[in-house]
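Protein chains in written order, with the working numbering: chain A, 7 to 84; chain B, 7 to 84. Beta carbons: idealized from backbone N, C-alpha and C, even for Gly. Given the structure is predicted, the values throughout are model-derived calculations rather than measurements. Report on the following structure.
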DNA sequence: TGATACTTACCGCTTGGGCGGTAAAAACGT
DNA sequence: ACGTTTTTACCGCCCAAGCGGTAAGTATCA
């Protein structure tokens, strides 16, 4: 663990802070331990659903922001 | 295009709003057209790096939020 | 309406991401 | 120190995500 992506560091921090081993987290999240290992090591090519399960387990929310998001959300309530 | 994920709808909306065809977006973002097609159709198993390139091209930012994020960010400036 | 240009949908193929199993390394207590 | 338990790192296999090519569908002209 040295040189890595922001996501990886965030996952690592939250996992440690939750007192979970990779194995434990992988069981709870329902993903392989390798996925967590890879993500924490900065792999950016992981699958979105896998990452999402991990984030959900660690109580991390993924949000999308853009200048058009208000407009988009308004269009959804039509 | 009917029944799909939030991400897919957001991407679709921003692409249309940018006046880009899937082909054009795929060229600019440097990904295959199939990836964009799949994402807009609600595929949640796409790769993170692929999605990120698409989001970046559409000027959409991905943010991670959690109760511990402040604490995390503070720890990074150490 | 027929031709042209553009967009979307689908089909095989290839490559690499996710998986479990296992070895290596740390962190314990005694 | 030593053995035990927990955590981390790595390996090889399998399947599906991504790719380009192409067919099908739309739009927009004269």
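**Q.** Cβ pair residue 16(B), residue 78(A) closer than 8 Å
**A.** Along the second chain, read from residue 1 onward, the residue named residue 16(B) stands at position 10. Along the first chain, read from residue 1 onward, the residue named residue 78(A) stands at position 72. In contact: residue 16(B) and residue 78(A) (Cβ atoms closer than 8 Å).
Q. Under 8 Å, do residue 28(A) and residue 39(A) count as touching if we go by C-beta distance?
A. By one-based count along the first chain, residue 28(A) stands at place 22. By one-based count along the first chain, residue 39(A) stands at place 33. Yes, they are a contact pair.
(Q) Can you pull the chain A neighbours of residue 51(B), defined as C-beta to C-beta under 9 Å? (A) On the second chain, residue 51(B) is found 45 positions in, with the first residue counted as 1. Those are 53, 54, 55, 56, listed as they occur along chain A.
Q.
If we define contact as Cβ-Cβ less than 8 Å, is residue 21(A) a contact residue for chain B?
A. Along the first chain, read from residue 1 onward, the residue named residue 21(A) stands at position 15. Not closer than 8 Å to any Cβ of chain B, the Cβ of residue 21(A) fails to qualify, so no.
**Q.** Unbroken alpha helix (DSSP H) run spanning residue 53(B), endpoints
**A.** What you label residue 53(B) is simply residue 47 of the second chain in a count that begins at 1. Neither: residue 53(B) is in no alpha helix (DSSP H) and is coded neither H nor E.
**Q.** Cβ-based neighbour list, residue 63(B), same chain, cut-off 7 Å, excluding 5 preceding and 5 following
**A.** Residue mapping note: residue 63(B) aligns to position 57 of the second chain, counting from 1. Excluding positions up to five away in sequence, the list reads 31, 34, 35.
Q) So with Cβ pairs under 8 Å, would you call residue 69(A) a contact of chain B? A) Counting from one through the first chain, the residue named residue 69(A) turns up at place 63. Interface criterion met: the Cβ of residue 69(A) is under 8 Å from a Cβ in chain B.
(Q) Residues of chain B with CB closer than 7 Å to the CB of residue 74(A), please, in chain order. (A) The residue labelled residue 74(A) in the question sits at position 68 within the first chain. Here the neighbours are 20, 23.
**Q.** Sequence-distant residues of the same chain with beta carbon closer than 7 Å to residue 19(B), five excluded per side
**A.** Sequence index remark: in the second chain, residue 19(B) carries index 13 (1-based). Same-chain partners within the cutoff: there are none.
**Q.** residue 54(A) vs residue 51(B) beta-carbon contact at 8 Å
**A.** The residue given as residue 54(A) occupies position 48 in the first chain. The residue given as residue 51(B) occupies position 45 in the second chain. Less than 8 Å separates the beta-carbon of residue 54(A) from that of residue 51(B).
(Q) Using C-beta distances below 6 Å, list every residue in its chain close to residue 57(B), excluding the 5 sequence neighbours before and after it, in chain order. (A) Reading the second chain from its first residue, position 51 is the one you call residue 57(B). Same-chain partners within the cutoff: there are none.
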